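In UniProt numbering, the protein residues as written are 1 to 96.
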């Protein structure tokens, strides 16, 4: 997926609720760790970000639990990648 907007965009990958933040123009890829399985994606898009679920064979009962998120260069990203700092004293919750 690509952030074609002008501001940061969060990518929320379920079922673990891991968050990754894309700067404008950045491209991330979400893929199963296991090769050779047919994965379907369910996405929910909001103004602030995108939530993604991965399902084997498109079956919602077969949630893919092992996946990777990589940048355009193929570098594996960790949960919280580029997460903006929480404003001091805000008590703001993370997206999701």
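All C-beta atoms in this analysis are idealised placements derived from N, C-alpha and C, irrespective of residue type, glycine included. Model, not experiment: these values are computed from the prediction.
Asked	Found
Decide if residue 64 is buried, meaning its Cβ has at least 16 other Cβ atoms within 10 Å, or exposed.	buried
What is the rounded straight-line gap between the Cα of residue 72 and the Cα of residue 12?	18 Å
Is residue 33 near residue 66, with beta carbons less than 8 Å apart?	yes
Starting from the N-terminal side, write out each stretch of the beta strand (DSSP E) that is 3 residues or longer and does not extend beyond the segment 55-90.	67-71
Using a Cβ distance threshold of 8 Å, determine whether the segment 81-88 contacts the segment 51-63, with at least three qualifying pairs required.	no
Where does residue 49 fall in DSSP's three states?	strand
Starting from residue 44, follow its DSSP beta bridges and name the residues at the other end.	51
Ends of the beta strand (DSSP E) at residue 19?	18-22
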